[in-house]
Amino acid sequence: MDLVPLSDLFNISRGSKLDYNKMTSCSFSESAISFIGRSGEKNGFVGYVEKLRGKTPYKSGLITVALGGSALSSFVQPWPFYTAQNIDVLDPVDDMPVDVKLYYCSCIEANRFRYSTYGREANRTLKTIKVPSIESVPEWVHGTSRKAVNELSSRLNFVFIKE
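12 is the number of the first residue of the sequence shown in the numbering used here; add one for each residue after it.
Next comes the structure, spelled out in structure tokens:
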């Protein structure tokens, strides 16, 4: 398995660096923007906020990585979003299916043991974390999401048909 620095596969940038408590929160709507924090739960989702003038949200499908809080918590974001401070955003250099993005989220999180609150900091070394090259992604990764959805659908159909 060939390992490469994360920066070979992704353009890595600092997130929006916004404060949720200084923004206008709102309910879900077509114009609502997801706000992503440093939590390791719920995709890092904190709540919905109104779009800011002059601040373009990140597009859906990108990966967020918490650099503090739940360090290296990594998620593919399904909706346009803003981020809190200490979050990096990963945009694949080349087209990448969601299954492969999810695989890389797991690879990033597998490095969590290397970091601590008062030790090595993720914001300095995230770009150099070694992950499998795109050619080394296991074959089973491809199509995993579709298989999971199909399995869930068939189980739900069974439950509804049975009742």
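Glycine included, each C-beta is placed from N, C-alpha and C at the ideal position.
Query	Result
Between which two residues does the beta strand (DSSP E) containing residue 177 stretch?	Residue 177 lies beyond the residue range present for the chain, which begins at 12 and ends at 174; the question has no answer from this structure.
Would you kindly report the start and end of the unbroken beta strand (DSSP E) that includes residue 148?	Neither: residue 148 is in no beta strand (DSSP E) and is coded neither H nor E.
Sort out for me which residues DSSP pairs residue 37 with in a bridge.	59
For residue 91, which residues of its own chain have a beta-carbon under 8 angstroms away from its beta-carbon, when the five flanking residues on both sides are left out?	44, 45, 68, 69, 70 and 71
Name the two residues that bound the continuous beta strand (DSSP E) containing residue 102.	98-103
For residue 123 and residue 140, what's the separation of their Cα atoms in angstroms?	11 angstroms
Exposed or buried, which one is residue 9 when buried takes at least 16 other CB atoms within 10 Å?	There is simply no residue 9 to check, as the chain begins at 12 and stops at 174 in what is shown.
Would the beta-carbon of residue 29 fall within 8 angstroms of that of residue 95?	yes
Can you tell me whether residue 64 is buried or exposed, with buried defined as 16 or more other CB within 10 angstroms of its CB?	exposed
Could you check whether residue 164 and residue 13 sit closer than 8 angstroms to each other, using their CB atoms as the reference points?	no
Suppose you measure from the CA of residue 175 to the CA of residue 55; what does that come to, to the nearest Å?	The structure shown does not extend to residue 175, since the chain spans only 12 to 174, so no value can be given for it.
Rounding to the nearest angstrom, what Cα-Cα distance links residue 126 and residue 61 in this structure?	34 angstroms
Under DSSP, the alpha helix (DSSP H) around residue 84 begins and ends at which residues?	From DSSP, residue 84 is part of no alpha helix (DSSP H); its letter is neither H nor E.
Suppose you measure from the CA of residue 132 to the CA of residue 111; what does that come to, to the nearest Å?	26 angstroms
Sorted by chain position, which residues of the same chain lie with C-beta nearer than 7 angstroms to residue 42's C-beta, five sequence neighbours on each side aside?	62
Quick check: what's the CA-CA separation for residue 3 versus residue 52?	Residue 3 is absent from the structure shown; the chain starts at 12 and stops at 174.
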